Amino acid sequence: MNFFHNIKSAMLRELRLMRQRPVYLLATIGVMAFCTVFFLTFLRDGMPEDLPVGVVDMDNSSLSRNITRQIDATQLGRTLKFESYRSAREALQTGEINAFCVFPDGMYEDVISGRQPTVTLYVNSLYFVGGALAYKDLLTMMNMASGGVQRELLRAKGMNDDAIMGQIQPIVIDAHQIGNVTTNYGVYLTNVLLPGILEMIVILVTVFALGSELKYGTSRHMLEKAGGSMSAAMIGKLIPYTVLFSVIGIICDMILYCWAGFPMAGSVWNMFIGTFVMVLSCQAVAFFIIGTLPILRLALSISALYSVLGFSLAGFTFPVEALPPYIQGLAAAFPLRHYYLMYVQEAIFGSGFGGWYPQIVYMLLFLFLPPLVYGRLKKAYRLRNFPRN
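Per full-length UniProt numbering, residue 1 is the first one in the sequence shown, and the count goes up by one each step.
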């Protein structure tokens with residue numbers, strides 16, 4: 001009973017500290033609320049619309065004007081006409097447009113005579129999303145225009161429509177975009193960015209909470225409140241943060257899957273489990289960092305670096321399988337990577353427990369990190385033999 005009483009005393013002490021230091025609530029609730037509102041509003045349209053695309057029409061024929069109208073009619077493109085290649089190139093270099101196409105002089109006559117005119121596309125790939133979408137839009141419309149011209153020529157030769165389509169498109173492609181049918185960038189990014197930000201907050205705040213006892217010289221007072229028990233002090237100190245982080249993560253899951261309507265093929269309750277386990281694993285990582293290096297400023301620097309690397313190695317922007325083998329192994333050292341794989345199995349494929357339980361096991365393995373540095377941190381708390389600054 002004394003052990004649980006010591007845990008309660010340490011927990012009440014930590015709650016008082018949280019009330020006295022607004023930075024805890026600001027760094028947790030404030031940051032997550034801001035990021036949630038920001039990403040859900042900033043990416044609410046799903047994809048960029050009306051990307052400026054330049055057109056240099058040297059042909060001025062009915063065909064070139066028709067292609068220009070088709071590009072302008074797409075959801076992604078908004079055409080801007082330029083009189084010369086030089087003016088279009090300058091607009092591309094200054095960022096006024098994302099891409100431009102050049103219709104050569106005599107294009108219509110070349111099409112009619114079967115001489116295969118060349119339409120040149122220039123894309124600003126420095127801005128990856130805008131450039132890629134503009135290129136895809138232009139390429140699609142040019143292929144459609146080419147098919148339309150070929151269809152009219154074959155009709156003029158007396159071929160029926162069924163035979164024409166067999167000539168123009170001998171193989172029909174039936175594409176299915178699993179998990180993100182509308183290519184919504186909000187779905188693609190927010191589902192991992194928010195958990196990634198939560199991971200960063202958990203690690204940084206936990207390191208700060210544990211390291212501040214050393215920085216401000218209050219570690220012995222904390223141990224006294226816990227009856228001299230390091231275990232009771234750590235459990236009581238971390239429980240309020242575990243509850244706070246878990247509640248924040250679950251609320252974010254509810255906003256994403258119940259309110260914002262993000263794809264959820266499985267059960268949102270399973271995502272709650274994944275969020276809770278990720279919080280525990282991140283706290284374990286934070287304990288390991290501050291235990292390995294009980295100097296607050298250095299531990300915070302390492303925590304920030306570790307958290308940022310988690311975004312890169314999670315695999316949601318660039319596939320981990322395409323990285324060098326030694327980097328692929330390093331990706332397993334980040335809880336966000338396992339949470340992302342769990343999210344894919346549950347939310348995208350709806351595979352249930354059988355599909356994502358290995359990722360839960362991997363995240364639970366992080367809980368073996370604190371015992372490795374438990375004695376070192378206990379010694380630091382008692383002796384305070386590390387620099388405070």
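Yeah, the Cβ is synthetic: ideal placement off N, Cα and C, and Gly gets one too. In this text the structure is predicted, and so the values were computed from the model without any measurement.
{"Query": "Distance CB(E213)-CB(Y374) smaller than 9 Å", "Result": "no"}
{"Query": "Cβ neighbours of T74 in the same chain (closer than 6 Å, five flanking residues each side left out)", "Result": "D137"}
{"Query": "K136 in three-state terms, based on DSSP", "Result": "helix"}
{"Query": "C-alpha gap between M200 and F316, whole angstroms", "Result": "17 Å"}
{"Query": "8 Å contact criterion, which V268 and C258 should meet: CB distance rounded", "Result": "6 Å"}
{"Query": "Beta-ladder partner(s) of K81, from DSSP", "Result": "V55"}
{"Query": "Cβ neighbour criterion (16 or more within 10 Å) applied to P170", "Result": "exposed"}
{"Query": "Contact the segment 91 to 104 vs the segment 113 to 121: 3+ CB pairs below 8 Å", "Result": "yes"}
{"Query": "Option nearest G249 by Cα separation, candidates H5, L198, F368 and E96", "Result": "L198"}
{"Query": "Under 9 Å between C-beta atoms of T183 and F287", "Result": "no"}
{"Query": "T120 (DSSP reduced to helix, strand or coil)", "Result": "strand"}
{"Query": "Three CB pairs or more closer than 8 Å across the segment 270 to 283 and the segment 360 to 379", "Result": "yes"}
{"Query": "Alpha carbon of I164 to alpha carbon of R155, nearest angstrom", "Result": "8 Å"}
{"Query": "Through-space distance from L369 to V172, alpha-carbon basis", "Result": "54 Å"}
{"Query": "6 Å Cβ shell around D110 - same chain, five flanking residues per side excluded", "Result": "P117"}
{"Query": "Between the CA atoms of F42 and L63 - distance to the nearest angstrom", "Result": "38 Å"}
{"Query": "As assigned by DSSP and simplified to three states, the class of V102", "Result": "strand"}
{"Query": "Where the alpha helix (DSSP H) containing T183 begins and where it ends", "Result": "Unbroken run through T183: none, as it is neither H nor E."}
{"Query": "From F318, L372, S246 and L330, residue whose alpha carbon lies closest to that of M32", "Result": "S246"}
{"Query": "Residues near L204 by beta carbon distance below 6 Å, same chain, minus five either side", "Result": "S303"}
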